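So the protein lines, in turn, are chains E and S. In case it helps, this note's numbering puts the first sequence at residues 1 to 284. In case it helps, this note's numbering puts the second sequence at residues 285 to 928. Worksheet for the structure shown next.
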Amino acid sequence: MTPGIYGVLFIVFAPLFGGLVAGLDRIITARMQSRVGPPLLQPFYDAGKLMQKDSRQINPVQEPLLLAHVLMMAATGGLLLGGTDIIFVTFMFALAALLLVLAAGSANSPYSFIGAERELIVLLASEPFFILMMAAICKVTSFSTFETVLGSNQMVALQLPGVAVAFLVVATIKLRKSPFDISMSHHPHQELVRGLTTDLSGRLLAYVEIAHWYEAALLAAFTVLLFNWNLALGLAVFAIAYLFEILVDNSSSRVRWQAVLYSAWGVTLVLCGGNVLALFMLGR
Amino acid sequence: MNLAAIYATLLVFPVLVGIVAFLIDGTSLRNHLVIGGSVVVGALAIATALAFGGSSSVFFGLPGGISLGESLIVVEIGLTVFTIAISLWNRRFLAPILAIAQLAISLYLELSGRMPEVDPQELFWFDGLSLVMLLIVGIIGPLICINAIGYMRAYHRASPQLKGRRNVFFGLLFIFLAGMFGLVASNYLPLMLVFWEVTTICSFLLIGYSRTDETIGYAFRALNMNLFGGVAFSAAIALLAGQPDGLDLAKLTSGPAGAALLPAIALLALAGIVKSAQMPFSSWLLGAMYAPSPTSALLHSSTMVKAGVFLLLRLSPAMAGSTVGYLVAFIGLLTFLFVSLVAGTESNTKKVLAYSTIGSLGLIGGCAGIGTPELVWAGVMIIIFHALAKSLLFLAVGTIENRLYTKNMENFDGLLSLMPRVSTVVLVGIAGMFIAPFGLVIAKWTAIRAFLQVPGAPGAFMVLILAFGSSLTIFYWGKLLIKILAGRRETDYERSIERRVSRYEWITEGTLAVGVLAATALVGPLSDNVVGPWALGALSATPRVFLAIDPAMLLLMLSAVFFLPALAAWSWRHPQYDLADFYASGRSATPGHVMGAALGGIHRVTLRNYYLEGVLNGSFVFNAGTVACGGLLAAMVVVGMVVR
């Protein structure tokens, strides 16, 4: 099969994957809190319901921005699996995330605006890591597309232990899990109400959810890249990492945005930067 | 007509227009002259490009093979006397010393008979890079001149206390363009130095246009720094005069420089770094933005700083692989990183634009210093897209500034509702600068890929710097975008603001916006026919694919660039921001951001971007960068001179 087909498959099936992950997330979170939790397919029911509801828009540019956000997220994943350069994919990934920031910011309301600003901080905190990670993968394998990295005989994670550990921290930020869920808390009563999505409703909110499913699928694909020698291992690591994220999410309180920036940049500089420096010095 | 004749016309004509513009006092007559002159200059530039055609490299002299004789030294004396006079008039004493030092070097070379004979047929050198630069100067420059007609009218209306000297302003703009035309096609280094100094003095006079104490201070800062660069350039010429073919730029940069040439290459690189306002010399360009916006647009996009990176790219084959090259690259890349950090803490839109310019120039410096074919290709691509997008942004922000009386990003709240058409233009510029794949994204991507091939620790640091620097660009552009797109319910008065923008501004900013989009759409042919062949030729490299993008990427990237401007254009006719009230914890809230409080009180809510307070101190970071790059620069000169 040509890589292009994988790209199309991603665009079609990634929401399914991401939605199921979200459903599992909610069940496991509930069990951790001694609750039963919703059915596995609840995220899909939610999205379906949101699609049918009226949506109140504050600013007419919000809907186009959010649609572009979903499409861009989907396209980013499509390009990644479809054989585009993986470093280039990180730029598109950031651009996709920026569109959500703009949609929230354009509401120009207190909660949305602060959520948007904080999401921008999140972007600033996480983007250097993704660029470095992809660059390091290219350096290790001397390949630059998803398929060729998977076909490489170099075991990426073994040469990039620092990057793999840093991934755990940065993924927490990207998945908007505590202690890094500064832009959008999962519970309506908390400090920012719903942050980014405060002024989004109906299908607009559904777009955000679907884009987040794509985002989760993308992070899974990134994990697979790190554990390139075995697809099942990569997905298993993603599952374990996600469980870990849920645990941390349930056992920590939210930090300030400064702490997000410090910890993400610190981890990126020390673990990732150190790892990359070692790679270059050893002449890989 | 042959290339030499058209090119000579291109050199002389703007000077004549400039002199006449200077002499004309009547605004209306001068406006006609400016428009006519601009059109002719643009046409001449295009004619020069057509006469050059598809050749890869052409050498020529003045028409009829006239030799330069003593004319260069005469012009240099004239420029020096002028510099000294105007400096003493303003009681500044550093500039005269630098100017005299520079003249002393030239006079010594001339009088001691050390200057080698120059072939009058090899004064000028035209290749792909000159072509790109010539078209940038020749098309963007005249558009800025026309734009300035509308801008300056509004500028003087907004600041009635300033004495109108618009004849001087327009005269200088045209002479500046002539200086650039000469610079980008010079092959004989002493000739290039004369044009180099013409641009220095023109920018000095343009920065100090309003003649307030503040702008005079900034003007002299620019003059001092650039004269210092000029002294380095002169010293390089003195070192090269003793070398065979040393003053022939094409031969000098035909391959890696030997140990004998490296000191001069380091000095020339120093001159290029000063002119392109890289750290530690960034402060002159930041001061320059207190000048009228067309000056900023000109300095930032097509002239001045581009002359600096032009020289660095020219030197690239000579310094690639040497320690000097590595140091030039690190100065550039650290400049990119530091100014990107500072830009995140800045709310003055023009300053943000200025930092972004310096960052882009640093990136080009980084590309030139390492000098692989992919990197010099990326460097030229950044030059093209940055010139188009940044001139547009400066002109548009100038238009906004003169109507809203502010350049603070925070006051651009709801710009899309207030000035939808101007906003569209701004969004084209931002898309072209940073969303645009072919602006910085492709260049950054290419640069990271190329830096991965740099062996050892330097390669690792380059990749690290780029990863952090490019993330920071998202942060500061993102904040500006949020403010522009923010919803706002405008008053009737506010709705009328946009109608006061002059047609000169509409025509030029519209043309530039179309230019940005066209260049984006035509990036493939541009790379395949112009930039790619030049990069291969300059480095005598084997053919390769520079623009490694597939159709899916191309489609995605094009839609990404066109999306925001299209969104803005769509909202021209849409009522903004009164679809629904926002959520305010159950309190009553209006789009005017007045929220009800307890006991019938009201709160006015202000929403302000994050400027990383408490995390980053902008001036500290700027100074740290200046010190770090200053150290590297000193190392570069020492390495070039002593260690080689």
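Glycine included, each C-beta is placed from N, C-alpha and C at the ideal position. Here the structure is a predicted model, which means the values were calculated and not measured.
Legend entry - Span separating the alpha-carbon of Leu150 of chain E from that of Leu225 of chain E: Position 150 of the first sequence, counted from the first residue, corresponds to residue 150 of chain E. Position 225 of the first sequence, counted from the first residue, corresponds to residue 225 of chain E. Their backbone Cα atoms lie some 7 angstroms apart in a straight line.
Inset, instruction - Under 6 angstroms Cβ to Cβ from Ser109 of chain E, same chain only, skipping five residues before and after it: list those, please. - result: Counted from its first residue, the first sequence places residue 109 of chain E at position 109. Counting only Cβ-Cβ distances below 6 angstroms, and skipping sequence neighbours, we find Asp199.
Inset, instruction - Could you name the residues of the stretch 117 to 132 of chain E whose beta carbon sits closer than 7 angstroms to any beta carbon of chain S, in the order they occur along the chain? - result: Listed by position along the chain: Glu117, Leu120, Ile121, Leu123, Leu124, Glu127, Pro128, Ile131, Leu132.
Inset, instruction - Just the C-alpha distance for Met184 of chain E and Ala216 of chain E, rounded to the nearest angstrom, thanks. - result: One-based indexing of the first sequence puts residue 184 of chain E at position 184. One-based indexing of the first sequence puts residue 216 of chain E at position 216. In a straight line, the C-alpha of Met184 of chain E is about 16 angstroms away from that of Ala216 of chain E.
Inset, instruction - Mind checking the stretch 215 to 247 of chain E against chain S and listing, in chain order, the residues whose C-beta falls within less than 8 angstroms of any C-beta there? - result: Only those residues of the stretch 215 to 247 of chain E whose C-beta falls short of 8 angstroms from the nearest C-beta of chain S would be listed, and there are none.
Legend entry - Limits of the alpha helix (DSSP H) - the one that Phe91 of chain E falls within: Position 91 of the first sequence, counted from the first residue, corresponds to residue 91 of chain E. Element bounds for Phe91 of chain E: 86 to 105.
Inset, instruction - Consider the Cβ of Phe113 of chain E: report whether some Cβ of chain S lies at a distance smaller than 7 angstroms. - result: For the purposes of this step, residue 113 of chain E is taken as residue 113 along the first sequence, with counting starting at 1. Residue-level contact by beta carbon holds for Phe113 of chain E and chain S, with a gap shorter than 7 angstroms.
Legend entry - CB contact check: Tyr952 of chain S to chain E, cutoff 7 angstroms: Beyond the ends of chain S as shown, which are 285 and 928, falls residue 952 of chain S; an answer cannot be given.
Inset, instruction - Answer with yes or no whether the minimum CB distance from Pro110 of chain E to chain S is below 7 angstroms. - result: Numbered from its first residue, the first sequence carries residue 110 of chain E at position 110. Chain S, which has a Cβ nearer than 7 angstroms to the Cβ of Pro110 of chain E, makes this yes.
Legend entry - C-beta contact flag for Val163 of chain E and Cys272 of chain E at 7 angstroms: Taking the first sequence and counting its residues from 1, one reaches residue 163 of chain E at position 163. Taking the first sequence and counting its residues from 1, one reaches residue 272 of chain E at position 272. It is a contact, given that the beta carbons lie within the stated cut-off.
Inset, instruction - Counting only the same chain and skipping the five closest in sequence on each side, list residues whose C-beta sits under 7 angstroms from that of Phe565 of chain S. - result: The residue given as residue 565 of chain S occupies position 281 in the second sequence. These residues qualify, in order along the chain: Met509, Ile557, Val558.
Legend entry - Reduced DSSP category for Tyr472 of chain S - H, G, I as helix; E, B as strand; rest coil: If you number the second sequence from 1, residue 472 of chain S lands on position 188. In the three-state scheme derived from DSSP, where H, G and I count as helix and E and B as strand, Tyr472 of chain S is classed as strand.
Inset, instruction - Could you work out which residue in S:Ala544, S:Pro540, S:Met920 is closest to Gly526 of chain S when comparing CA atoms only? - result: Within the second sequence, residue 526 of chain S is the residue found at index 242, counting from 1. The residue with the shortest Cα to Cα distance from Gly526 of chain S is S:Ala544.
Inset, instruction - Using alpha carbons as the reference points, say which of S:Leu415, S:Gly646, S:Gly571 lies closest to Leu596 of chain S. - result: Along the second sequence, read from residue 1 onward, the residue named residue 596 of chain S stands at position 312. Selected option, being the one with the closest Cα: S:Gly646.
Inset, instruction - Count the CB pairs spanning the stretch 229 to 237 of chain E and the stretch 88 to 107 of chain E that are closer than 8 angstroms, and state whether there are at least three. - result: no
Legend entry - Cut-off 7 angstroms between Cβ atoms - residues of its own chain near Ile131 of chain E, not counting five sequence neighbours on either side: Sequence index remark: in the first sequence, residue 131 of chain E carries index 131 (1-based). Same-chain partners within the cutoff: Ile87, Thr90.
Legend entry - Completely contained beta strand (DSSP E) runs for the stretch 584 to 660 of chain S, where each covers 3 or more residues: none
Legend entry - First and last residue of the uninterrupted alpha helix (DSSP H) at Arg888 of chain S: For the purposes of this step, residue 888 of chain S is taken as residue 604 along the second sequence, with counting starting at 1. Looking at the DSSP string, Arg888 of chain S is not in any alpha helix (DSSP H); the run it does join, the beta strand (DSSP E), is 886 to 888.
Inset, instruction - Can you give me the start and stop residues for the beta strand (DSSP E) that Asp46 of chain E sits inside? - result: Looking up residue 46 of chain E in the first sequence gives position 46. Looking at the DSSP string, Asp46 of chain E is not in any beta strand (DSSP E); the run it does join, the alpha helix (DSSP H), is 42 to 52.
Inset, instruction - Taking only beta-carbon positions, decide if Phe847 of chain S is within less than 7 angstroms of chain E. - result: The sequence position of residue 847 of chain S within the second sequence is 563, counting from 1. Closer than 7 angstroms to some Cβ of chain E, the Cβ of Phe847 of chain S qualifies, so yes.
Inset, instruction - Can you tell me which of the three DSSP states Asp865 of chain S falls into? - result: Position 581 of the second sequence, counting from 1, holds the residue named residue 865 of chain S. If DSSP states are grouped into helix, strand and coil, Asp865 of chain S belongs with coil.
Inset, instruction - At 8 angstroms on the CB atoms, spell out the chain E contacts of Arg772 of chain S, in chain order. - result: Position 488 of the second sequence holds residue 772 of chain S. Within 8 angstroms of the CB of Arg772 of chain S, the CB atoms of chain E belong to Asn108, in sequence order along the chain.
Inset, instruction - Spell out whether any CB of chain S is found under 7 angstroms from the CB atom of Leu67 of chain E. - result: Residue 67 of chain E sits at position 67 when you count from the first residue of the first sequence. Cβ-Cβ to chain S under 7 angstroms: no for Leu67 of chain E.
Inset, instruction - Starting from Phe752 of chain S, find everything on chain E with Cβ-Cβ shorter than 7 angstroms and list it in chain order. - result: Locating residue 752 of chain S in the second sequence gives position 468, where the first residue counts as 1. Near Phe752 of chain S (Cβ distances below 7 angstroms), the residues of chain E are Pro128.
Legend entry - Test: Thr172 of chain E CB closer than 7 angstroms to a CB of chain S: Reading the first sequence from its first residue, position 172 is the one you call residue 172 of chain E. No, Thr172 of chain E lies away from the interface with chain S (no Cβ there is under 7 angstroms from its Cβ).
Inset, instruction - Use the C-beta contact count for Lys49 of chain E: other C-beta atoms within 10 angstroms, 16 or more gives buried, fewer gives exposed. - result: Taking the first sequence and counting its residues from 1, one reaches residue 49 of chain E at position 49. Looking at its Cβ environment, which holds fewer than 16 other Cβ atoms inside 10 Å, Lys49 of chain E is exposed.
Legend entry - C-alpha gap between Gly743 of chain S and Ala136 of chain E, whole angstroms: Taking the second sequence and counting its residues from 1, one reaches residue 743 of chain S at position 459. Taking the first sequence and counting its residues from 1, one reaches residue 136 of chain E at position 136. Going from the Cα of Gly743 of chain S to the Cα of Ala136 of chain E covers about 12 angstroms.
Legend entry - Proximity winner among S:Leu427, S:Met841, S:Ile459, S:Gly808, relative to Val829 of chain S (alpha-carbon distances): As a position in the second sequence, residue 829 of chain S is number 545, starting the count at 1. Nearest of S:Leu427, S:Met841, S:Ile459, S:Gly808 to Val829 of chain S, Cα basis: S:Gly808.
Legend entry - Delimiting residues of the alpha helix (DSSP H) encompassing Asp776 of chain S: Along the second sequence, one-based indexing puts residue 776 of chain S at 492. Bounds of the alpha helix (DSSP H) holding Asp776 of chain S are 776 to 780.
Inset, instruction - Could you name each continuous alpha helix (DSSP H) segment of 4 residues or more that falls completely within the stretch 139 to 174 of chain E, going from the start of the chain to the end? - result: Listed in chain order, they are 146 to 151, 156 to 159, 161 to 174.
Inset, instruction - Kindly say whether Thr2 of chain E, judged by its beta-carbon, lies nearer than 7 angstroms to any beta-carbon of chain S. - result: Translated into positions along the first sequence, residue 2 of chain E becomes position 2. No, its Cβ sits nowhere closer than 7 angstroms to a Cβ of chain S.
Inset, instruction - Show which residues of chain E have a CB atom less than 7 angstroms away from the CB atom of Ile719 of chain S. - result: Taking the first residue of the second sequence as 1, we reach residue 719 of chain S at position 435. Leu95, listed in chain order.
Legend entry - Met155 of chain E: contacting residues in chain S (beta-carbon distance under 7 angstroms): Residue mapping note: residue 155 of chain E aligns to position 155 of the first sequence, counting from 1. Result: empty, since nearest Cβ-Cβ is about 19 angstroms, beyond 7 angstroms.
Legend entry - Alpha-carbon to alpha-carbon, Phe866 of chain S and Ile58 of chain E: Taking the first sequence and counting its residues from 1, one reaches residue 58 of chain E at position 58. Taking the second sequence and counting its residues from 1, one reaches residue 866 of chain S at position 582. The straight-line gap from Cα to Cα measures roughly 6 angstroms.
Legend entry - CA-to-CA distance, Met133 of chain E to Glu127 of chain E, given in whole angstroms: Indexing the first sequence from 1 puts residue 127 of chain E at position 127. Indexing the first sequence from 1 puts residue 133 of chain E at position 133. Each residue's alpha carbon lies about 10 angstroms from the other.
Inset, instruction - Keeping to the same chain, check which residues put their C-beta closer than 7 angstroms to that of Met436 of chain S; ignore five residues upstream and five downstream. - result: The residue you call residue 436 of chain S lines up with position 152 of the second sequence. If we look at Met436 of chain S and ignore the five residues flanking it on each side, its Cβ neighbours are Arg450, Phe453, Pro576.
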